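Numbering (UniProt numbering), first residue to last: 1 to 253. Just so it is clear, CB atoms sit at the ideal spot from N, CA and C, and this is done for glycine as well. Values in this document were obtained by computation on a predicted structure and should not be read as measured data. So the structure is just underneath, and the comments pick up after that.
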């Protein structure tokens, strides 16, 4: 049987990069990556940086303080070569409308906003997540609808693939993550979330240029792409929580 070309990381691949204590893995140092999370989330990479030149002129949404850890719960996905070919087609076409678009180099679907945890809360937060998520099984969803988003303060614009099937399971996961967030008096997820995988982003509100004609052309590229139905059927195998420079993985059964 053909397997989905876009798959959540399996837990066995993850083990090599995990440390002994509590399955935390350090984030590799490197150039600034695409903002994490949904539009409207603060960018964890921006939180620690006071120098706007370090992150492409993006604006920090909350100030970094010692002992505050930007924390985000999400479903990670690794992608096949064909997905990157589709991404290249989409981004190069979208750049004819907005030349400053940057392609993502990491792909995920958010289950929480980016929230701030005190350092001493990380361990109990992760323990609570692990307990609440332990009974969930692997599942598929389809992400094949091109959408344009802006974050809440209109400082960034994103192009993403929105989920068209698998909504119910995602809402069930969010409901459990929300209950953990409530335990720690943190903001829960958006009430009517648009589940999606971000593909590209740019600084500023460029939604006017990307919606309409451009969006229709991008959807056409997706619909015509060979094997796109298989390519955009995603099997989720694990949930991940990133807190500061640590990753925690929660395998789905």
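Between the C-alpha atoms of residue 180 and residue 157, what's the straight-line distance to the nearest angstrom? Sequence index remark: in the chain shown, residue 180 carries index 180 (1-based). Sequence index remark: in the chain shown, residue 157 carries index 157 (1-based). Those two C-alpha atoms are separated by around 29 Å.
Write down every uninterrupted run of the beta strand (DSSP E) in the segment 183 to 242 whose length is 3 residues or greater and which is fully enclosed by it, in chain order. The segment 183 to 242 contains these whole beta strand (DSSP E) runs: 196 to 203 and 233 to 236.
Does the segment 241 to 249 come close enough to the segment 137 to 154 that 3 or more CB-CB pairs lie under 8 Å? Between the segment 137 to 154 and the segment 241 to 249 there are fewer than three inter-stretch CB-CB distances shorter than 8 Å, so the stretches are not counted as touching.
Would a C-beta distance cut-off of 8 Å place residue 116 and residue 239 closer than the cut-off? Taking the chain shown and counting its residues from 1, the one referred to as residue 116 is at position 116. Taking the chain shown and counting its residues from 1, the one referred to as residue 239 is at position 239. No, the Cβ-Cβ distance between residue 116 and residue 239 is not below 8 Å.
If I'm right that residue 225 touches residue 133 with Cβ under 8 Å, what's the distance once you round it to whole angstroms? Residue mapping note: residue 225 aligns to position 225 of the chain shown, counting from 1. Residue mapping note: residue 133 aligns to position 133 of the chain shown, counting from 1. Contact flag wrong, Cβ pair sits at about 33 Å.
Touch check for the segment 183 to 191 and the segment 105 to 119: three-plus C-beta pairs under 8 Å? yes
Beta-ladder partner(s) of residue 151, from DSSP: To locate residue 151, count along the chain shown from 1; it is residue 151. For residue 151, which the question treats as bridged, DSSP gives no partner whatsoever.
Alpha carbon to alpha carbon, how far is residue 97 from residue 207? As a first step, residue 97 must be located in the chain shown, where it is residue number 97. As a first step, residue 207 must be located in the chain shown, where it is residue number 207. So the alpha carbons of these two residues sit roughly 10 Å apart.
Boundaries of the alpha helix (DSSP H) in which residue 66 is found, first to last residue: Sequence index remark: in the chain shown, residue 66 carries index 66 (1-based). Per DSSP, residue 66 belongs to no alpha helix (DSSP H) and is neither H nor E.
Of the residues 90, 68 and 76, the one placed nearest residue 228, counting alpha carbons only: Numbered from 1 along the chain shown, position 228 holds the residue referred to as residue 228. Closest by alpha carbon: 90.
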